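Q: There's a structure below that I have some questions on.
There are 2 protein chains.
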Amino acid sequence: MKPINVGLLGIGTVGGGTFNVLKRNQQEISRRAGRAIQILKVADRNLTLAREVTAGACEVTDDAFSVVNDPDVDVVVELIGGYGVAKDLVLKAIENGKHVVTANKALIALHGNEIFAAAQKKGVIVAFEAAVAGGIPIIKALREGLAANHIEWIAGIINGTTNFILSEMRDKGLAFADVLGEAQRLGYAEADPTFDVEGIDAAHKLMILSAIGFGIPMQFERAYTEGITKLESKDIRYAEELGYRVKLLGITKRTEQGIELRVHPTLIPEKRLVANVNGAMNAVVVKGDAVGPTLYYGAGAGAEPTASAVVADLVDVARLADAAFEQRVPYLAFQPDQIVNLPILPIEEISSGYYLRMRASDKPGVLAEVTRILGDRDISIDAMMQKEPADNETEADIIILTHVTVEKNMNQAIAAIEALPATVGKVTRIRMEELGK
Amino acid sequence: MKPINVGLLGIGTVGGGTFNVLKRNQQEISRRAGRAIQILKVADRNLTLAREVTAGACEVTDDAFSVVNDPDVDVVVELIGGYGVAKDLVLKAIENGKHVVTANKALIALHGNEIFAAAQKKGVIVAFEAAVAGGIPIIKALREGLAANHIEWIAGIINGTTNFILSEMRDKGLAFADVLGEAQRLGYAEADPTFDVEGIDAAHKLMILSAIGFGIPMQFERAYTEGITKLESKDIRYAEELGYRVKLLGITKRTEQGIELRVHPTLIPEKRLVANVNGAMNAVVVKGDAVGPTLYYGAGAGAEPTASAVVADLVDVARLADAAFEQRVPYLAFQPDQIVNLPILPIEEISSGYYLRMRASDKPGVLAEVTRILGDRDISIDAMMQKEPADNETEADIIILTHVTVEKNMNQAIAAIEALPATVGKVTRIRMEELGK
Numbered sequence: 130m131k132p133i134n135v136g137l138l139g140i141g142t143v144g145g146g147t148f149n150v151l152k153r154n155q156q157e158i159s160r161r162a163g164r165a166i167q168i169l170k171v172a173d174r175n176l177t178l179a180r181e182v183t184a185g186a187c188e189v190t191d192d193a194f195s196v197v198n199d200p201d202v203d204v205v206v207e208l209i210g211g212y213g214v215a216k217d218l219v220l221k222a223i224e225n226g227k228h229v230v231t232a233n234k235a236l237i238a239l240h241g242n243e244i245f246a247a248a249q250k251k252g253v254i255v256a257f258e259a260a261v262a263g264g265i266p267i268i269k270a271l272r273e274g275l276a277a278n279h280i281e282w283i284a285g286i287i288n289g290t291t292n293f294i295l296s297e298m299r300d301k302g303l304a305f306a307d308v309l310g311e312a313q314r315l316g317y318a319e320a321d322p323t324f325d326v327e328g329i330d331a332a333h334k335l336m337i338l339s340a341i342g343f344g345i346p347m348q349f350e351r352a353y354t355e356g357i358t359k360l361e362s363k364d365i366r367y368a369e370e371l372g373y374r375v376k377l378l379g380i381t382k383r384t385e386q387g388i389e390l391r392v393h394p395t396l397i398p399e400k401r402l403v404a405n406v407n408g409a410m411n412a413v414v415v416k417g418d419a420v421g422p423t424l425y426y427g428a429g430a431g432a433e434p435t436a437s438a439v440v441a442d443l444v445d446v447a448r449l450a451d452a453a454f455e456q457r458v459p460y461l462a463f464q465p466d467q468i469v470n471l472p473i474l475p476i477e478e479i480s481s482g483y484y485l486r487m488r489a490s491d492k493p494g495v496l497a498e499v500t501r502i503l504g505d506r507d508i509s510i511d512a513m514m515q516k517e518p519a520d521n522e523t524e525a526d527i528i529i530l531t532h533v534t535v536e537k538n539m540n541q542a543i544a545a546i547e548a549l550p551a552t553v554g555k556v557t558r559i560r561m562e563e564l565g566k
Numbered sequence: 130m131k132p133i134n135v136g137l138l139g140i141g142t143v144g145g146g147t148f149n150v151l152k153r154n155q156q157e158i159s160r161r162a163g164r165a166i167q168i169l170k171v172a173d174r175n176l177t178l179a180r181e182v183t184a185g186a187c188e189v190t191d192d193a194f195s196v197v198n199d200p201d202v203d204v205v206v207e208l209i210g211g212y213g214v215a216k217d218l219v220l221k222a223i224e225n226g227k228h229v230v231t232a233n234k235a236l237i238a239l240h241g242n243e244i245f246a247a248a249q250k251k252g253v254i255v256a257f258e259a260a261v262a263g264g265i266p267i268i269k270a271l272r273e274g275l276a277a278n279h280i281e282w283i284a285g286i287i288n289g290t291t292n293f294i295l296s297e298m299r300d301k302g303l304a305f306a307d308v309l310g311e312a313q314r315l316g317y318a319e320a321d322p323t324f325d326v327e328g329i330d331a332a333h334k335l336m337i338l339s340a341i342g343f344g345i346p347m348q349f350e351r352a353y354t355e356g357i358t359k360l361e362s363k364d365i366r367y368a369e370e371l372g373y374r375v376k377l378l379g380i381t382k383r384t385e386q387g388i389e390l391r392v393h394p395t396l397i398p399e400k401r402l403v404a405n406v407n408g409a410m411n412a413v414v415v416k417g418d419a420v421g422p423t424l425y426y427g428a429g430a431g432a433e434p435t436a437s438a439v440v441a442d443l444v445d446v447a448r449l450a451d452a453a454f455e456q457r458v459p460y461l462a463f464q465p466d467q468i469v470n471l472p473i474l475p476i477e478e479i480s481s482g483y484y485l486r487m488r489a490s491d492k493p494g495v496l497a498e499v500t501r502i503l504g505d506r507d508i509s510i511d512a513m514m515q516k517e518p519a520d521n522e523t524e525a526d527i528i529i530l531t532h533v534t535v536e537k538n539m540n541q542a543i544a545a546i547e548a549l550p551a552t553v554g555k556v557t558r559i560r561m562e563e564l565g566k
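Just so you know, the protein sequences line up as chains A and B, in that order.
For the first sequence, the working numbering begins at 130 and goes up steadily by one.
For the second sequence, the working numbering begins at 130 and goes up steadily by one.
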């Protein structure tokens, strides 16, 4: 078969990785794909960088639209990121009848519906394995490998920056702000880390997993997002004493009432494999009704791990470029006319276990009042731990783990606890997930 | 699209699971596949069972050949197992131009070359996701998800029975024979457990992973297989003291000299995720040059987990039944004319770290002699531990961990150590793998 011609948009970290992997493994990749995958043209604003990386192997331009308009390009690989010009380029490529491979989670999570509709009309592939969890083939696993299952829930560590920070906070007992600085020096966190530490990046990826798992359209604006900036290392330590680890999880669940879609710090029993995923690594747990829980682990970012996913998509495109629409895997796992607009629940309606920490006078009767407040709202207690007050203090930390309850009940309980004369300040609340069968 | 018609051979555990999953999730599966997947005919020697499970939903027969010869059957699902009649049925189905889905690892590992050649000639699919690690979509991950990578090694816990036994030996300090009895009572081990406990089942699965990872033909007779029957709980305990867990691993590596292909008990650093996979669960670690290490975890056996993989294959078949050959993923990941017959190394030529346990007189000078023997063969020592002799004994256990060396050097060193006047009996040797970057 004749080679498939790639137009590469963006030759930064992931673009450079993609160029290098395709070059280094070209023979092995062709032996799998049955045809060569060759980069015909690279576009980048930084022409010097583009020339340096490509070293004369292909044409280089700073005009990305000249690539998506080039009739010789079969497939456009969009590695620019963001949803400004990237969106225009992807839509233009589709309009021109080109297949698209992208690593752009923000673009898919926010504009996926529009992009897939346009692609379907033109009969082209839009592949985005690299958009979630870098090199881990989680999109393929969920979309194809688990196609027999009614997916019950998906929970993942899908942001390496925050997992690195949480691992360091735990290992070294440091505060968030101190570890963030270290992460920035080591290149694990951006100069402006907001997207990562506030959970927005994880929420983009979670939206994609949820859409594929449950066959719902993208509706990113309904995701609940809570980052790790307010997390205290004290709570990580207390959680540990109770047999739990704290991870920033993206969680999406199917319930009778609708779909839960939420990113927040989460206590997980330390025995779970996913609780032991440390450093910048990613892992996604998928629970299907037939297969039970399965887990997928690997590098969630970085030049070559992400390139691994981009090139895997290119191999799929190389095989199915000329196939009929129904011979391809649907964009969101379900056939386009089978996407169902299930409601995404507001955070008040989700159900979860809870870790609560409060400061209270070290006097008899406080615990009785707190347990009464919880009991009145049918919230049952799983574990309780009271720390001795420090030498010069009269207040002690009380930690309570609760069984699963609806968030709005917990909100009421927390308000009532905070109103008690014996408690001081706010109650710290961290959600808790068993992630078991 | 019109439904795809399945002929199901065998309605035992996995066959029953497949029937039930297809029935329960038929709507959701069709929404993904774009067409219905319906079981037209079931064959089983046990007609009573077949009638009970199918409850009148389809035709039932005890003549499996009538299914593979039925012109209305599009795809044959072979869940009989073994390589007697199963092989004849699969080859007949292929001859009749039918696609085949099978969970039969022994059949693929031993007769895969013949089966794939026949299937290629007829232009039909032979899918076997369920043959390795049950519900974990490891074949798809390796064959498609990691297609960009030069695969360096694959290591997996791919037999649930032995992982259950090893987990129990560790947790309860019990001997192999005692735990085996318990496993048999609980249904985790067969009445005749040889295939599992001697590592043969794991070796079948490893052969398949190796062929797909490296693009080599099946050559099961060259696999090295060592089971867990001689493993003592004492060694599991000592390994633990040194920071390792003992697992029955299937390991296949690409080296300059050739392919390593071996199943044996293995020490793994306890920090590795795969070292913490317990009970009957499976996990496979794949190291690619671009993606780095990735891990896939889930249930490796059981009715519905295995059915999950069988039905995922059926969804692939439903999509690609009428596609051109080059639009499908090749049987062994590489195009048929790109399979290369790399040599599989005899066990003497493999490289590994080693755990050695010996009994020796508690006299000065013994350690010096042992370290000299190792040093003479360029085997460097990673860690050493000497246990105090028990009260009424004059001999002590010495445990040594070595860095990586070639097995034949280690064989010589062990022979020399056993010949020392100060040592008693045989040296216990367990291989050790870092499984790191």
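Idealized CB from N, CA, C, for every residue including glycine.
Every value quoted in this text rests on a predicted model; they were computed, and no experiment measured them.
1. Count the other CB atoms, across all protein chains shown, that sit within 10 Å of the CB of B:Leu315; report buried if there are 16 or more and exposed otherwise.
2. So, is the C-beta of B:Gly144 closer than 8 Å to a C-beta in chain A?
3. Please list the segments of the beta strand (DSSP E) lying wholly inside the stretch 473-511 of chain A, counting only runs of 3 or more residues, in order along the chain.
4. In angstroms with no decimal places, state the Cα-to-Cα distance between B:Leu151 and A:Phe463.
5. Can you pull the DSSP bridge partners for A:Asp526?
6. Counting beta carbon pairs with one atom in the stretch 434-448 of chain A and one in the stretch 418-425 of chain B, are three or more of them shorter than 8 Å?
7. From A:Val414 to B:Thr500, what distance separates their C-alpha atoms?
8. Which word fits A:Met410, buried or exposed, when buried means at least 16 other C-beta atoms lie within 10 angstroms of its C-beta?
9. Of all Cβ atoms in chain A, is any one closer than 8 Å to the Cβ of B:Asp283?
10. Reducing DSSP to helix, strand and coil, say where A:Pro465 ends up.
11. Starting from the Cα of A:Ala259, find the closest Cα among A:Gly252, A:Ala235, A:Lys251, A:Lys250 and give me that residue.
12. Going straight from the alpha carbon of B:Ile468 to that of B:Gly136, what length do you get?
13. Among residues of its own chain, excluding the 5 on either side of A:Gly387, which ones have a beta-carbon nearer than 7 Å to its beta-carbon?
14. Could you tell me which of B:Leu485, B:Val229, B:Val495 sits nearest to B:Asp364, measuring between CA atoms?
15. Using three-state DSSP, classify A:Arg391 as helix, strand or coil.
16. Report the partner residues of A:Arg560 according to the DSSP bridge assignment.
17. Just the chain B side, please: which residues come within less than 7 Å of A:Thr423 by C-beta, in chain order?
18. Nearest by alpha-carbon distance to A:Glu536: which of A:Ala306, A:Gly213, A:Ser480 is it?
19. If we call anything under 8 Å between Cβ atoms a contact, is B:Gly264 one with B:Ala428?
20. What residues from chain A crowd round B:Pro322, counting only those whose CB sits closer than 8 Å?
21. CA-CA distance, A:Leu390 and A:Thr381?
22. Does any C-beta atom of chain B lie closer than 8 Å to the C-beta of A:Phe293?
23. Suppose you measure from the CA of A:Val253 to the CA of B:Phe148; what does that come to, to the nearest Å?
24. Could you check whether the Cβ of A:Ser437 sits closer than 8 Å to any Cβ belonging to chain B?
25. Three or more C-beta pairs closer than 8 Å, one from the stretch 270-289 of chain A and one from the stretch 266-279 of chain B: is that the case here?
26. Alpha helix (DSSP H) containing A:Arg279: first to last residue?
27. Would you kindly work out how many angstroms separate the C-alpha atoms of B:Asp451 and A:Leu208, rounded to a whole number?
28. Going along chain B in order, which residues have a C-beta closer than 7 Å to the C-beta of A:Leu449?
29. Measure the CB-CB distance between A:Ile358 and A:Glu327 and report whether it falls below 8 Å.
30. Tell me which residues of the stretch 460-479 of chain B have at least one Cβ-Cβ distance to chain A shorter than 7 Å, keeping chain order.
31. Could you tell me whether the Cβ of B:His228 comes closer than 8 Å to any Cβ of chain A?
32. Throw me the rounded Cβ distance for the A:Gly213 and A:Lys251 pair, which I believe falls under 8 Å.
33. Just by C-beta distance, which residues in the stretch 331-348 of chain B are closer than 9 Å to chain A?
34. With the cut-off set at 8 Å, would you say A:Leu503 and A:Thr531 are in Cβ contact?
35. Between the beta-carbon of A:Leu371 and the beta-carbon of A:Met514, is there less than 8 Å?
36. Thinking C-alpha only, which one of B:Arg488, B:Gly494, B:Glu478, B:Val495 is nearest B:Ala525?
A: In short:
1. exposed
2. no
3. 480-490
4. 16 Å
5. A:Arg488
6. yes
7. 46 Å
8. buried
9. In the sequence as presented, Asp is not what sits at residue 283 of chain B; that position holds Ile. Not one chain A Cβ lies under 8 Å of B:Ile283.
10. helix
11. A:Ala235
12. 31 Å
13. Leu471, Pro472, Ile473, Leu474
14. B:Leu485
15. strand
16. A:Thr395, A:Tyr483
17. Gly264, Ile265, Tyr426, Gly427
18. A:Ser480
19. yes
20. Here the premise fails: no neighbours, minimum Cβ distance about 23 Å.
21. 5 Å
22. no
23. 35 Å
24. yes
25. yes
26. Checking the sequence, you will find His at residue 279 of chain A rather than Arg. Looking at the DSSP string, A:His279 is not in any alpha helix (DSSP H), and its letter there is neither H nor E.
27. 34 Å
28. Gln456
29. Looking at the sequence shown, residue 358 of chain A is not Ile but Thr. Against a cut-off of 8 Å, the Cβ pair of A:Glu327 and A:Thr358 comes out as a contact.
30. Ala462, Phe463, Gln464, Gln467
31. no
32. Actually they do not touch by this definition, with Cβ atoms about 22 Å apart.
33. Gly344
34. yes
35. yes
36. B:Arg488
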